[in-house]
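Novice: Here you go, one structure.
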């Protein structure tokens, strides 16, 4: 979204308007970044900001290969390693946002590394082939089996 604002620059200093706008967009001091927990929430890695904060506090998020805190500012170009359960995601910050939007917009905030995407796909395929490593019975327990299960639970 762009706005047309009349600008004459700073004639007393000899700075034209275009240079003034470009400097405002690229100046790091003018762009302090976004809190890590807010960015993770806006990029839809976590459903709530509170969950993002808990993951950061629990050591599940690394920013630029170092430990992260919830209030640590995230800047464009930073790398993040996020662990959610069995899933491990490595991505680079492409854009900043403090507002949570629709999923297609949130995906534009980061780009996942090729290695990370390939590893996630390999792990997903492994889980699919092994059935999630869960041993499920062929049928539901009958009355006798349920009683045996209840007795076992009582003894534990």
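Residue numbers (our numbering): 831 to 986. Note that the Cβ used here is the ideal one computed from N, Cα and C, for glycine as well. Small disclaimer: the values here were computed from a predicted structure and weren't measured.
(1) Should residue 922 and residue 941 be called a contact, given that it needs their Cβ atoms to be closer than 8 Å?
(2) Just the Cα atoms here: how many angstroms apart are residue 925 and residue 958?
(3) How would you write the range of the alpha helix (DSSP H) that residue 960 sits in, first residue to last?
(4) Quick one: residues in its chain with C-beta nearer than 6 Å to the C-beta of residue 876, no 5 flanking neighbours on either side, listed in chain order?
(5) Can you give the Cα-Cα distance for residue 943 and residue 967, rounded to whole angstroms?
(6) Once you ignore the five residues that flank residue 868 on each side, which residues in its own chain have a CB closer than 7 Å to its CB?
(7) Report the residue ranges of all beta strand (DSSP E) runs contained in full by the stretch 907–946; include only those spanning at least 3 residues, in chain order.
(8) State yes or no: is the C-beta of residue 874 within less than 8 Å of the C-beta of residue 936?
(9) If contacts are defined as beta-carbon pairs under 8 Å, then residue 892 and residue 911 qualify, I think. What distance do you get, rounded to the angstrom?
(10) Taking DSSP's pairing of strands, which residues face residue 893 in a bridge?
(11) Based on Cα-Cα distance, which residue from 872, 864 and 862 lies nearest to residue 933?
(12) Compute the beta-carbon to beta-carbon distance between residue 862 and residue 903, rounded to the nearest angstrom, for a pair I have assumed lies under 8 Å.
(13) Quick one: grab the DSSP three-state call for residue 865.
Specialist: The structure says:
(1) yes
(2) 33 Å
(3) 944–960
(4) 870 and 882
(5) 39 Å
(6) 879 and 928
(7) 909–914, 917–923 and 940–942
(8) yes
(9) 4 Å
(10) 896 and 910
(11) 872
(12) 6 Å
(13) strand
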